[in-house]
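A.B. asks: Residue numbers (the working numbering): -18 to 62. Even glycine gets a Cβ: it sits at the ideal position worked out from N, Cα and C. Could you have a look at this structure, given as structure tokens, before my questions?
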């Protein structure tokens, strides 16, 4: 019984220690397709892509729903806590 308990504890520690590793080499994929026009309400995010353009919108623009020249619309809510 002691041998089983010892083996179980060693295996549990091994699983816990190996599953909590942190990988520091995160390389995000950079968009390289056609130019994107994104309508945005709020502050423009900082991006690395050169072919993504943000067009500022107001809430009145959103209510008119005229987005024919845009690929996407974002509404970013930022709040300082």
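Have a look at residue 17 and residue 28 and give me their C-alpha separation to the nearest angstrom.
C.D. replies: 13 Å
A.B. asks: Does the distance from the CB of residue 21 to the CB of residue 35 come in under 8 Å?
C.D. replies: yes
A.B. asks: Is it buried or exposed, residue 38, if we count other Cβ atoms within 10 angstroms and call 16 or more buried?
C.D. replies: buried
A.B. asks: Go through its chain and collect everything with a Cβ distance to residue 11's Cβ below 7 Å, but skip five positions before and after it.
C.D. replies: 29 and 30
A.B. asks: I need the boundaries of the alpha helix (DSSP H) containing residue 43, first residue and last residue.
C.D. replies: 40 to 45
A.B. asks: Give me the Cα-Cα distance between residue -12 and residue -3, rounded to the nearest whole angstrom.
C.D. replies: About 14 Å.
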